[in-house]
Amino acid sequence: DSVDEDPLGILSSWNDSSHHCEWQGVVSGGWHPERVVSLYLTLKGLGGHLSPHVGNLYFLRTLDLQSNSFRGEIPQSIGHLFRLHNLILSNNSFSKQMPTNLSQCSNLEILNLIDNQLVGEIPDELGSLSKLQALGLVENNLTRSIPRSIGNLSQLYKFSIAFNGLQGEIPKTLSKLQGLSFVQLMNNQLTGVIPLEIFNMSGIGYFIIGDNQFRGSIPPYIDDTLQSLSYLDFHSNLFTGIIPPSLSNASGLHIIWFDYNSFHGPMPTNLGRLKALEEMYISSNQLQDDFSFITSLTNCSRLKIIGVAHNFLEGPLPDSIGNLSSSIRRIGMSSNKMYGIIPPSIGNLFNLSYLDLSNNLLGGCVPSSIGALHNLINLYLIIKMLTGEIPSSISNLTFLSSLCLQSNNFYREIPQSLGNCRQLIELELSNNNLSGSIPREVLSLSTNSIIFSLAHNQLSGSLPSQVGSLTNLVELDLSYNKLTRPIPSSISKCLLLGQLSLAVNSFHGEIPPALGTLWGLQELDISHNNLSGEIPSFLAQFTNLKYLNLSSNKLEGEVPKQGIFLNASVVSVFENRNLCGGIAELNLLLANRIPLNHYGPKKKSKKNTSSTELPFEHKFSMVSYEKLFRATNGFSKNNVIGKGRYGIVYKATTQEGGWVAVKVLNLGHRGALKSIISECQTLRAIRHRNLVKILNRDYHGNDLKALLYTYMANGSLENWIHQGNEEDIEHEHEHGKPGHLGLMQRINIAIDIASAINYLHKDCSPKIVHGDLKPSNILLDNEMMG
Numbered sequence: 001d002s003v004d005e006d007p008l009g010i011l012s013s014w015n016d017s018s019h020h021c022e023w024q025g026v027v028s029g030g031w032h033p034e035r036v037v038s039l040y041l042t043l044k045g046l047g048g049h050l051s052p053h054v055g056n057l058y059f060l061r062t063l064d065l066q067s068n069s070f071r072g073e074i075p076q077s078i079g080h081l082f083r084l085h086n087l088i089l090s091n092n093s094f095s096k097q098m099p100t101n102l103s104q105c106s107n108l109e110i111l112n113l114i115d116n117q118l119v120g121e122i123p124d125e126l127g128s129l130s131k132l133q134a135l136g137l138v139e140n141n142l143t144r145s146i147p148r149s150i151g152n153l154s155q156l157y158k159f160s161i162a163f164n165g166l167q168g169e170i171p172k173t174l175s176k177l178q179g180l181s182f183v184q185l186m187n188n189q190l191t192g193v194i195p196l197e198i199f200n201m202s203g204i205g206y207f208i209i210g211d212n213q214f215r216g217s218i219p220p221y222i223d224d225t226l227q228s229l230s231y232l233d234f235h236s237n238l239f240t241g242i243i244p245p246s247l248s249n250a251s252g253l254h255i256i257w258f259d260y261n262s263f264h265g266p267m268p269t270n271l272g273r274l275k276a277l278e279e280m281y282i283s284s285n286q287l288q289d290d291f292s293f294i295t296s297l298t299n300c301s302r303l304k305i306i307g308v309a310h311n312f313l314e315g316p317l318p319d320s321i322g323n324l325s326s327s328i329r330r331i332g333m334s335s336n337k338m339y340g341i342i343p344p345s346i347g348n349l350f351n352l353s354y355l356d357l358s359n360n361l362l363g364g365c366v367p368s369s370i371g372a373l374h375n376l377i378n379l380y381l382i383i384k385m386l387t388g389e390i391p392s393s394i395s396n397l398t399f400l401s402s403l404c405l406q407s408n409n410f411y412r413e414i415p416q417s418l419g420n421c422r423q424l425i426e427l428e429l430s431n432n433n434l435s436g437s438i439p440r441e442v443l444s445l446s447t448n449s450i451i452f453s454l455a456h457n458q459l460s461g462s463l464p465s466q467v468g469s470l471t472n473l474v475e476l477d478l479s480y481n482k483l484t485r486p487i488p489s490s491i492s493k494c495l496l497l498g499q500l501s502l503a504v505n506s507f508h509g510e511i512p513p514a515l516g517t518l519w520g521l522q523e524l525d526i527s528h529n530n531l532s533g534e535i536p537s538f539l540a541q542f543t544n545l546k547y548l549n550l551s552s553n554k555l556e557g558e559v560p561k562q563g564i565f566l567n568a569s570v571v572s573v574f575e576n577r578n579l580c581g582g583i584a585e586l587n588l589l590l591a592n593r594i595p596l597n598h599y600g601p602k603k604k605s606k607k608n609t610s611s612t613e614l615p616f617e618h619k620f621s622m623v624s625y626e627k628l629f630r631a632t633n634g635f636s637k638n639n640v641i642g643k644g645r646y647g648i649v650y651k652a653t654t655q656e657g658g659w660v661a662v663k664v665l666n667l668g669h670r671g672a673l674k675s676i677i678s679e680c681q682t683l684r685a686i687r688h689r690n691l692v693k694i695l696n697r698d699y700h701g702n703d704l705k706a707l708l709y710t711y712m713a714n715g716s717l718e719n720w721i722h723q724g725n726e727e728d729i730e731h732e733h734e735h736g737k738p739g740h741l742g743l744m745q746r747i748n749i750a751i752d753i754a755s756a757i758n759y760l761h762k763d764c765s766p767k768i769v770h771g772d773l774k775p776s777n778i779l780l781d782n783e784m785m786g
């Protein structure tokens, strides 16, 4: 009755119409033919609680319920089954603690509770199971320490407790179990030093203790008592010291896994004595030696994997690498100090499927013999110093799925023959000096599903329409090239794109409506091109979009106020001269006028039936005096950010919560009106990123005339190169404190000033002489641009 899931109808045969010996999964026999001796219900889809009535089957020898969906606690009644030999409940969802009275199952030989949700500690009482041969508790939630009583299990040959939360040290009593051949303790929180006695256990074949917090070193002298040792896994611990040459005495070793420790010193030169060695992982340590150990490894005829990445190995890669076993499949030697060239003999390793020599000091050309590695799947040569052409022989690698040659000095054209690599899913050729056009054949690789990056090269011409063949691609990066013409509409077929960067090219035309199909886009960067037209509304509807850069184009019209455009921290639209609107944080010209918040009483003014018309009177709509009055807190002295000969500059709030600068003219001063007219005439004709823009204007008879400018959050240069006023000293800007400009900031500001002066003197018409250039007239925006 406790079983509530039986999708295969297994238990439908369990009824009174047939003898229980005929029920599915039930075995009777032996000296008592009417008695149930075994229950085999493996992988039957059964779910629910295991009935405590199972404890009434006193003649039961095997209970095998593995790979079902049983849940809840393991019944205590199982402890009554003193004839039980095999208890196999693995791959279920049993929870709570292990029953301590399992120790009463005195004939138990196999206890397999792997892959459940058991909690608590391993019962100390299990140490009384003197006939237990295999104990499997892998992948549970067990905690606390390994009980010392484990050392009493004299018949134990397999001890597997990996993937739990066990703590403490390995008990020395474990070394008493001379019949122990399989020890698996990995992925726990075990600490301390490995008892020396462990290294004298002649029968141990698998010693797997990776991903813990063990420390100490391997004993320097390992004698031939470890000839049975086949698998030695110390990865992801805190081991130090050298890898002792005596390790080669363990002549039966198949696998050495020492990754992610702090082993130092040289590589043992006698590893060639390990004739059975198949896999060697010693990456991410602190080994300091040359690569001469490669020559020794040529004696290991079964060797399949060499992993020595992320060490301090230094020197050339010997030609003897070509003499390694014909079984070699993977070579990982990245992030060392390897120099010289890639030996042409590497082409002899015709079964090689993985080669990574990245982040070394290798130079020269990639040997054409690399094209002989017909089984190569992954090739990583991210080295910075390789040069020459990309060898066309790579096109022979028809199984190649990852080709990563970025950050080198490859030049000339991308071989069209790369289109023969029909299994390619990752192509990374960025940061080279490649030129010419993008081969259509390469763009036709519809298998490419991870990344297609040709960024930071010298590629020219158009983006071929074959880009639409990359229908499975997730990331496309063609930024920092010299590509021209419109963005092809065929890109709309790349429906799985998550990242698209076409920045810093010369694409022109409008942002294609075809991009509207790319609903999965998370990052879009098409900045620094010559794109024109309006921002498409569909960009505001991309719900997955997390970053958008449209800056430095020729876009126009109003910026949307929906979707991603509501977050100025992830949107960039600067240096598009004719954009307006958007949220205030984008600091754009508002679509109609600057609506300043707060309305208040009007200031009495003198009657005046005429006023001087400003040169661009009809270009901007007016802002009323009342709004200015409130926006500046009644023209409060606390809002004053500057004073000049003809007026005062105030900081004013906008209705959206942003800021503008308001320059109010003192028309009582002789020449003030002439000054504002002259300033308007001058600024009307100029547009430059380093010249302050007029946003709007206001007048109230002849009592007040004002111009509204873009607000410069970091004030004047004077306050940054001198001590500054009291307010600036107390307020630390995000770019530093006034009077504390860094060298690069000073250089960038100088460049900004020079750019503006160059424009005034050479590029605008008529040419303009500033006449009053000084630090107090150089204003800095929130990005410290002058």
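With the UniProt record's numbering, the residue at position 164 of the sequence shown is 164, and numbering never jumps.
Think of the CB as a built atom: it goes at the ideal place given N, C-alpha and C, for glycine as much as any other residue.
Bear in mind that the values here come from a model prediction, so they are computed numbers and not experimental data.
Check: Figure out for me which residue from Ile122, Met98, Ser38 and Gln66 has the closest Cα to the Cα of Ile74.; Outcome: Met98
Check: Taking just the CA atoms, how far does Val664 sit from Leu779?; Outcome: 18 Å
Check: Measure the Cβ-Cβ separation of Ile315 and Asp290 and say whether it is below 8 Å.; Outcome: The question names Ile, yet the displayed sequence has Gly at residue 315. In this structure, Asp290 lies closer than 8 Å to Gly315 by Cβ.
Check: Run through the segment 424-504 for me and flag every whole alpha helix (DSSP H) of 4 or more residues, listed as ranges in chain order.; Outcome: 440-443
Check: Determine the extent of the alpha helix (DSSP H) in which Phe214 is found, giving its start and end residues.; Outcome: Here Phe214 belongs to no alpha helix (DSSP H); instead the beta strand (DSSP E) covers Gln213 to Gly216.
Check: Could you give the first and the last residue of the continuous alpha helix (DSSP H) run that contains Leu297?; Outcome: Phe293 to Leu297
Check: Tell me which same chain residues have a C-beta within less than 6 Å of the C-beta of Ile208, skipping the five on either side of it?; Outcome: Gln184, Met186 and Asp233
Check: Consult DSSP for Glu389 and reduce its assignment to one of helix, strand or coil.; Outcome: coil
Check: Which of helix, strand or coil does DSSP assign to Arg148?; Outcome: helix
Check: What first and last residue would you give for the beta strand (DSSP E) that runs through Ile256?; Outcome: Ile255 to Trp257
Check: Tell me which same chain residues have a C-beta within less than 7 Å of the C-beta of residue 787, skipping the five on either side of it?; Outcome: As displayed, the chain neither begins before 1 nor continues past 786, which places residue 787 out of reach and without an answer.
Check: For Lys482 and Gln458, I'd like the C-alpha separation in whole angstroms.; Outcome: 6 Å
Check: Spell out the partners DSSP gives Val119 in its beta bridges.; Outcome: Gln97 and Asn141
Check: Check whether the segment 53-68 touches the segment 77-87, counting contact only when three or more Cβ pairs, one atom from each stretch, lie closer than 8 Å.; Outcome: yes
Check: Where do the ends of the beta strand (DSSP E) carrying Glu558 lie?; Outcome: Lys554 to Val559
Check: Please classify Trp720: is it buried, with 16 or more other beta-carbons within 10 angstroms of its beta-carbon, or exposed?; Outcome: buried
Check: Out of Ile438, Glu426, Ser103 and Ile204, which has the shortest C-alpha to C-alpha gap to Glu475?; Outcome: Glu426
Check: With burial defined as no fewer than 16 other Cβ atoms inside 10 Å of the residue's Cβ, what is the status of Ala756: buried or exposed?; Outcome: buried
Check: Can you check the segment 259-340 for any alpha helix (DSSP H) of at least 4 residues that lies completely inside it and give the ranges in chain order?; Outcome: 293-297
Check: What is the rounded straight-line gap between the Cα of Leu81 and the Cα of Leu60?; Outcome: 7 Å
Check: My guess is that Ser395 and Tyr380 are in contact by the Cβ rule of under 8 Å, so how many angstroms apart are they, rounded?; Outcome: The Cβ separation is near 18 Å, so there is no contact.
Check: What does a CB cutoff of less than 8 Å around Pro318 pick up in its chain, not counting 5 residues either side in sequence?; Outcome: Phe291, Ser292, Ile294, Thr295 and Pro343
Check: For Tyr206, count the other beta carbons within 10 Å of its own beta carbon; 16 or more makes it buried, fewer makes it exposed. Which is it?; Outcome: buried
Check: Would Ala540 and Gln562 qualify as a contact pair, given that the criterion is a beta-carbon distance under 8 Å?; Outcome: yes
Check: Over the uninterrupted beta strand (DSSP E) stretch that includes Ile641, give me the two end residues.; Outcome: Val640 to Lys643
Check: Taking 8 Å as the limit between beta carbons, can you name the residues of its chain near Asn237, skipping five residues before and five after?; Outcome: Ile209, Gly210, Asp211, Asn212, Gln213, Phe214, Arg215, Tyr260 and Asn261
Check: Measure the CB-CB distance between Ser145 and Leu166 and report whether it falls below 8 Å.; Outcome: yes
Check: Exposed or buried, what is Ser106 when buried is set at 16 or more other beta-carbons lying within 10 Å of its beta-carbon?; Outcome: exposed
Check: From which residue to which residue does the alpha helix (DSSP H) around Glu718 run?; Outcome: Glu718 to Ile721
Check: From which residue to which residue does the beta strand (DSSP E) around Leu135 run?; Outcome: Ala134 to Gly136
Check: Looking at the unbroken beta strand (DSSP E) that takes in residue 801, where does it start and where does it end?; Outcome: The structure shown has nothing for residue 801, since the chain only spans 1 to 786.
Check: Would you mind working out which of Leu550, Ile491, Pro219 and Phe258 sits nearest Ser246, comparing C-alpha positions?; Outcome: Pro219
Check: Nearest by alpha-carbon distance to Tyr157: which of Ala309, Ser202 and Val193 is it?; Outcome: Ser202
Check: From the DSSP output, read off the bridge partner residues of Glu534.; Outcome: Glu556
Check: In terms of residue numbering, what span does the beta strand (DSSP E) encompassing His528 cover?; Outcome: Segment: none, His528 is in no beta strand (DSSP E) and carries neither H nor E.
Check: Taking DSSP as the reference, what is the three-state secondary structure of Tyr206?; Outcome: strand
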